[in-house]
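Taking it in order: structure first as structure tokens, then the write-up.
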Amino acid sequence: MQAYSRLQRSPPPILEVCYDACMKLTKVRYGYEPGDVWTLWGFGDWHVGSANCDKKLLYKTRDRILEDPRALWVHPGDAAECITVKDPRWASGGIDYEICPAGESDFVVDHQMHWIREFVEPILPKCLVWHEGNHEGKYSENSGHKLIVEQVLEPLGYKQLWAPAQQTTLMQFADEHGKVCSVRLNSAHGKKTGQSVGAIINWAINRLRSYDDVDILMRGHHHHCFALKCANVSTGRSHSRLHDREGVIMGTGSAMKTMQEDAKSYAEDADFMPVVLGFPRVTLRPDRETVRMEAIQ
Ligand SMILES: [Fe+2]
6 MQAYSRLQRS PPPILEVCYD ACMKLTKVRY GYEPGDVWTL WGFGDWHVGS
56 ANCDKKLLYK TRDRILEDPR ALWVHPGDAA ECITVKDPRW ASGGIDYEIC
106 PAGESDFVVD HQMHWIREFV EPILPKCLVW HEGNHEGKYS ENSGHKLIVE
156 QVLEPLGYKQ LWAPAQQTTL MQFADEHGKV CSVRLNSAHG KKTGQSVGAI
206 INWAINRLRS YDDVDILMRG HHHHCFALKC ANVSTGRSHS RLHDREGVIM
256 GTGSAMKTMQ EDAKSYAEDA DFMPVVLGFP RVTLRPDRET VRMEAIQ
């Protein structure tokens, strides 16, 4: 494992990005005093550019992240709708004409990127990772362009946040004596969908338990919004016996309304189950050797 970059910014004060054989690993470290609480948000599946995107919800959540000095967030992908006039979904998908004026549909994706760039700039310093969603991925397959990297992250100086697949983020908290406790987050856009939120939750618990050392498992794509604690076990450093280990699973929600009053989208055409709009969060309270987690949805 080889570190290739070390950056200073606020927060986090240290960011180290590594790759091992199978997954991107980012380490962040924060100093803390007793009582300090961080809030980690899953904030993605915005689908900007769709008429079904609830932009008011996006602004409201962004402001909450902005106002909290210890807020952190993960973008699980599908920031933009990325459906062009050549896409079979175009005919039934509603367009947000506030973002892409009528008559400029040939540049619809550029308009979406412009909006996202301006929207996200104030909170990018608090972002831990930005995943590729299937909507950006599809556009990338057809065009060869990594839109979010080329038009959002790179121009704003945050290209290192990009993760096309899974990322493990090791969040370390150091007290005044340098004693460190940590939380390990595994995040991705994901591929799992389902009609039932219960089925997704059961899948997420099993997925969390498939890792020996992950504390928080975060997935988007299915648009269900939840943050739940669950029991887990770990072999610990010695790998000689099992220890109780509390985990948190997060479904990162969405700003994408399934239905509109006066139009229909491909989601409604496909009879997708309507989901609750919103974004989940977990609070992290470092305390000597452990980080206490509380799931909030
Ligand atoms: Fe999505």
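Residue 27 in the working numbering sits at position 22 of the sequence shown; the count goes up by one each step and never skips. Note that beta-carbon positions come from the ideal geometry of N, C-alpha and C, so glycine has one too.
Please classify residue i as buried or exposed, where buried requires at least 16 other C-beta atoms within 10 Å of its C-beta.
{"i": "ARG242", "result": "exposed"}
{"i": "MET6", "result": "Because the pLDDT of MET6 is 36, which lies under 50, any placement of that residue in the model is unreliable, and the number read from its coordinates should be weighed accordingly. Per the 10 Å Cβ criterion, exposed."}
{"i": "ARG297", "result": "exposed"}
{"i": "GLN13", "result": "Any answer about GLN13 is weak, because its pLDDT of 36 lies below 50 and its placement is not dependable; what the coordinates show is given next. Classification for GLN13: exposed."}
{"i": "ARG293", "result": "exposed"}
{"i": "ASP218", "result": "exposed"}
{"i": "SER245", "result": "exposed"}
{"i": "LEU289", "result": "buried"}
{"i": "GLN117", "result": "buried"}
{"i": "ASN191", "result": "buried"}
{"i": "SER215", "result": "exposed"}
{"i": "SER201", "result": "exposed"}
{"i": "THR174", "result": "buried"}
{"i": "LEU247", "result": "exposed"}
{"i": "LYS196", "result": "exposed"}
{"i": "LEU71", "result": "exposed"}
{"i": "ARG286", "result": "buried"}
{"i": "ASP50", "result": "buried"}
Have a look at the DSSP bridge pairing and note the partners of residue i.
{"i": "CYS186", "result": "PHE178"}
{"i": "ARG297", "result": "ARG290"}
{"i": "MET261", "result": "CYS58"}
{"i": "GLY36", "result": "ALA179"}
{"i": "SER192", "result": "GLN172 and MET223"}
{"i": "ALA268", "result": "Paired residues: none, contrary to the question."}
{"i": "GLU251", "result": "ALA236"}
{"i": "VAL53", "result": "SER55 and ALA85"}
{"i": "GLY256", "result": "ARG224 and PHE231"}
{"i": "ILE100", "result": "SER55"}
{"i": "TRP167", "result": "TRP135"}
Check for me: the beta strand (DSSP E) holding residue i runs from which residue to which?
{"i": "TRP46", "result": "43-47"}
{"i": "VAL134", "result": "132-136"}
{"i": "PHE231", "result": "230-239"}
So is the beta-carbon of residue i under 7 angstroms away from any non-hydrogen atom of ligand 3?
{"i": "SER110", "result": "As far as ligands go, the structure on display features ligand 1 and does not contain ligand 3."}
Tell me the residue span of the alpha helix (DSSP H) that contains residue i.
{"i": "VAL79", "result": "Per DSSP, VAL79 belongs to no alpha helix (DSSP H); it is in the beta strand (DSSP E), 76-80."}
{"i": "MET118", "result": "113-125"}
{"i": "VAL202", "result": "202-214"}
{"i": "ASP274", "result": "271-274"}
{"i": "HIS244", "result": "It is not in any alpha helix (DSSP H) - HIS244 carries neither H nor E in the DSSP assignment."}
{"i": "SER148", "result": "139-148"}
| query | At a cut of 8 angstroms, does the stretch 247-256 reach the stretch 266-279 through at least three beta carbon pairs? | reply | Contact fails: fewer than three Cβ-Cβ distances are below 8 angstroms.
| query | Taking three-plus beta-carbon pairs below 8 angstroms as touching, is the stretch 152-163 in contact with the stretch 115-132? | reply | Flag = yes, the stretch 152-163 and the stretch 115-132 touch.
| query | Quick check: the stretch 64-73 against the stretch 197-215, are there 3 or more CB pairs under 8 angstroms? | reply | No, the stretch 64-73 is not in contact with the stretch 197-215.
| Contact between the stretch 81-92 and the stretch 40-58 (3+ Cβ pairs under 8 angstroms) | Yes, they touch.
| Segment contact, 8 angstroms Cβ cut-off, at least three pairs: the stretch 67-76 with the stretch 28-45 | Contact between the stretch 67-76 and the stretch 28-45 is present: 3 or more CB-CB pairs across the two stretches fall below 8 angstroms.
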